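There are 2 protein chains.
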Amino acid sequence: MDTKTRILESALKLYNEKGIDATTRHIAAGMGISAGNLHYHFKHTDDIIITLWDQLATEFDQLVSRLGQATEISLDSLHSFYYQSFQTLYKYRFIFLHFVAIGIRIPTIQEHYRSLMQRREKEFKAIFRILIRNGIFRKDIPEAVWTALVRQIFIVSDFWLSNNELTDRLRDKEAAIAFTKQMESMFFPYLSKS
Amino acid sequence: MDTKTRILESALKLYNEKGIDATTRHIAAGMGISAGNLHYHFKHTDDIIITLWDQLATEFDQLVSRLGQATEISLDSLHSFYYQSFQTLYKYRFIFLHFVAIGIRIPTIQEHYRSLMQRREKEFKAIFRILIRNGIFRKDIPEAVWTALVRQIFIVSDFWLSNNELTDRLRDKEAAIAFTKQMESMFFPYLSKS
DNA sequence: ATAAAATTAGTACATTTGTTCTAAATTATA
DNA sequence: TATAATTTAGAACAAATGTACTAATTTTAT
Chain V
44 MDTKTRILES ALKLYNEKGI DATTRHIAAG MGISAGNLHY HFKHTDDIII
94 TLWDQLATEF DQLVSRLGQA TEISLDSLHS FYYQSFQTLY KYRFIFLHFV
144 AIGIRIPTIQ EHYRSLMQRR EKEFKAIFRI LIRNGIFRKD IPEAVWTALV
194 RQIFIVSDFW LSNNELTDRL RDKEAAIAFT KQMESMFFPY LSKS
Chain R
44 MDTKTRILES ALKLYNEKGI DATTRHIAAG MGISAGNLHY HFKHTDDIII
94 TLWDQLATEF DQLVSRLGQA TEISLDSLHS FYYQSFQTLY KYRFIFLHFV
144 AIGIRIPTIQ EHYRSLMQRR EKEFKAIFRI LIRNGIFRKD IPEAVWTALV
194 RQIFIVSDFW LSNNELTDRL RDKEAAIAFT KQMESMFFPY LSKS
């Protein structure tokens with residue numbers, strides 16, 4: 044396999060395990076190459092993080108566009124979206140566990156995230172409108188509360204892993220189940236009574 | 044003022060501004076003392092963070108116990124609790140902005156947080172039961188959803204600042220208002236229709 | 001006022017880190 | 001096969017950091 048790809052894999056593994064302060068020397072050692080060689084492929088350490096961020100963003104975009112293309116959006120499609128999302132969140136978990144530090148260190152990532160969230164907010168509100176029209180969501184919820192729900196979804200999606208890391212430390216399958224249950228429960232009080 | 048207290052103030056200021064990687068040299072320079080002097084008062088850098096964490100925990104405990112002592116818990120008392128909470132969250136915001144990194148670096152803090160959250164979960168559920176009995180909260184919500192709501196509250200409380208830092212970057216009063224509004228909206232769909 | 005204790009500044013050191021440089025080795029190309 | 005391009009390892013460097021140490025200064029106690 045490509046050395047560049049192998050570096051990204053080793054970096055992802057180590058960042059997820061040891062956090063954002065894992066060094067290029069450790070990343071290189073972890074895959075049995077020299078630090079000099081690593082810096083031949085990635086001149087700056089941050090380039091590795093930027094590349095991993097781009098991978099994450101791409102994988103997420105695919106999930107979102109697949110959700111948007113669904114012929115008829117149901118609660119189930121929303122739930123399966125969250126289950127699939129978690130696989131990506133978990134794969135790149137070091138980003139979410141150290142999100143602010145990364146944003147400070149690499150402002151372009153923060154800027155990218157910011158514009159991404161603005162786009163997503165509109166997409167989610169559109170989905171909510173459909174679910175209201177279809178009688179799945181309640182019709183008596185003020186607009187401001189839907190706006191707050193969108194932000195709530197973003198916060199819980201992005202930081203559930205951090206909370207898990209500080210408390211239960213669930214891994215893999217167990218974590219996925221707990222995350223999905225958390226998201227499902229979030230929607231419960233917004234469902235219309237039928 | 045006590046040099047030890049002044050170090051804590053300078054550290055808090057710098058950690059909030061520059062993040063968890065602010066150095067003892069910078070903290071000392073920021074208040075016009077030598078690094079040697081700083082290490083006379085705090086042998087290890089982490090001792091500063093631990094002390095700040097203890098301060099935060101103490102201030103929060105006072106808020107929670109004041110809420111628990113209220114003669115009759117209403118929605119208003121819950122809202123004013125969140126408004127007051129935010130002052131403390133904001134004062135020690137570096138902790139929440141770098142929560143996982145701190146937890147990894149100082150395991151005693153993580154352990155303390157974990158047991159704190161277990162205690163708080165019970166306290167919150169007790170409050171919810173009162174609000175249900177008083178007809179303020181809906182009676183048709185399954186127990187599992189209340190449990191999820193508690194976790195939701197913890198996640199949004201602890202990481203709203205991180206989300207804000209990555210998106211809107213609201214400060215002071217504006218941040219407090221947005222946070223409180225977010226928390227209020229969270230409870231809206233759980234209110235009984237009266 | 002003097003001795004003792006506490007505080008402070010400044011130097012020094014070992015370690016770590018990102019990165020550069022050089023030369024060797026490997027791979028591709030003609 | 002000979003040459004050029006790419007890849008790799010390893011040494012070297014400068015900067016930063018935590019913290020230990022020393023000597024001076026300030027404060028406190030007698």
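In order, the protein sequences belong to chains V and R. Under my numbering, the first residue of the first sequence is numbered 44, with each subsequent residue one higher. Under my numbering, the first residue of the second sequence is numbered 44, with each subsequent residue one higher. Just so you know, even glycine gets a beta-carbon here, dropped at the ideal spot from N, CA and C. As the structure is a computational prediction, the values presented were derived from the model and not from experiment.
Report the rounded CA-to-CA distance for residue i versus residue j, giving the unit in angstroms.
{"i": "Tyr126(R)", "j": "Ala100(R)", "result": "17 Å"}
{"i": "Phe213(V)", "j": "Val199(R)", "result": "Note on residue identity: the sequence assigns Leu, not Phe, to residue 213(V). Their backbone Cα atoms lie some 19 Å apart in a straight line."}
{"i": "Thr151(R)", "j": "Ala144(R)", "result": "13 Å"}
{"i": "Tyr233(R)", "j": "Lys47(V)", "result": "51 Å"}
{"i": "Ala191(R)", "j": "Phe202(V)", "result": "15 Å"}
{"i": "His122(V)", "j": "Thr94(V)", "result": "29 Å"}
{"i": "Arg49(R)", "j": "Pro185(R)", "result": "50 Å"}
{"i": "Met229(R)", "j": "Tyr135(R)", "result": "23 Å"}
{"i": "Gln130(R)", "j": "Phe142(R)", "result": "18 Å"}
{"i": "Val188(V)", "j": "Ile179(V)", "result": "16 Å"}
In three-state terms, what does DSSP make of residue i?
{"i": "Phe180(V)", "result": "strand"}
{"i": "Leu106(R)", "result": "helix"}
{"i": "Phe85(V)", "result": "coil"}
{"i": "Pro150(V)", "result": "helix"}
{"i": "Met229(R)", "result": "helix"}
{"i": "Tyr135(V)", "result": "coil"}
{"i": "Gly79(V)", "result": "helix"}
{"i": "Ile50(R)", "result": "helix"}
{"i": "Leu174(R)", "result": "helix"}
{"i": "Leu159(R)", "result": "helix"}
{"i": "Gly62(V)", "result": "coil"}
{"i": "Leu213(R)", "result": "coil"}
Counting only Cβ pairs nearer than 7 Å, list the residues of chain R close to residue i.
{"i": "Met160(V)", "result": "Thr210"}
{"i": "Ala144(V)", "result": "Gly62, His141 and Ala144"}
{"i": "Ser205(V)", "result": "Phe142, Val143 and Phe202"}
{"i": "Ile198(V)", "result": "Ile198, Val199, Phe202, Trp203 and Asn206"}
{"i": "Gln153(V)", "result": "Leu209"}
Which residues share a DSSP beta bridge with residue i?
{"i": "Leu234(R)", "result": "Phe180(R)"}
Hey, is residue i close to the ligand PLP, as in C-beta under 7 Å from one of its heavy atoms?
{"i": "Gln130(R)", "result": "The ligand PLP is absent from the structure shown, which contains no ligand whatsoever."}
Going along chain R, which residues have a C-beta under 9 Å from residue i?
{"i": "Ala113(V)", "result": "Near Ala113(V) there are no residues of chain R at all, since even the closest Cβ is about 24 Å away, more than 9 Å."}
For residue i, report the span of its alpha helix (DSSP H) as first-last.
{"i": "Ala245(V)", "result": "No statement about residue 245(V) is possible, as the shown extent of chain V runs from 44 to 237 and does not include it."}
{"i": "Ser117(V)", "result": "It is not in any alpha helix (DSSP H) - Ser117(V) carries neither H nor E in the DSSP assignment."}
{"i": "Thr67(R)", "result": "Thr67 to Gly73"}
Just to make sure I have the definition right: I need the residues of chain V whose C-beta is within less than 7 Å of the C-beta of residue i. Which are they?
{"i": "Ser228(R)", "result": "Ala187, Val188 and Ala191"}
Run through chain R and tell me which residues come within less than 8 Å of residue i, C-beta to C-beta.
{"i": "Pro232(V)", "result": "Arg181, Ile184, Val188, Pro232 and Tyr233"}
{"i": "Ile147(V)", "result": "Gly62"}
At 8 Å on the CB atoms, spell out the chain V contacts of residue i, in chain order.
{"i": "Arg194(R)", "result": "Asn206 and Gln225"}
{"i": "Tyr156(R)", "result": "Leu209 and Thr210"}
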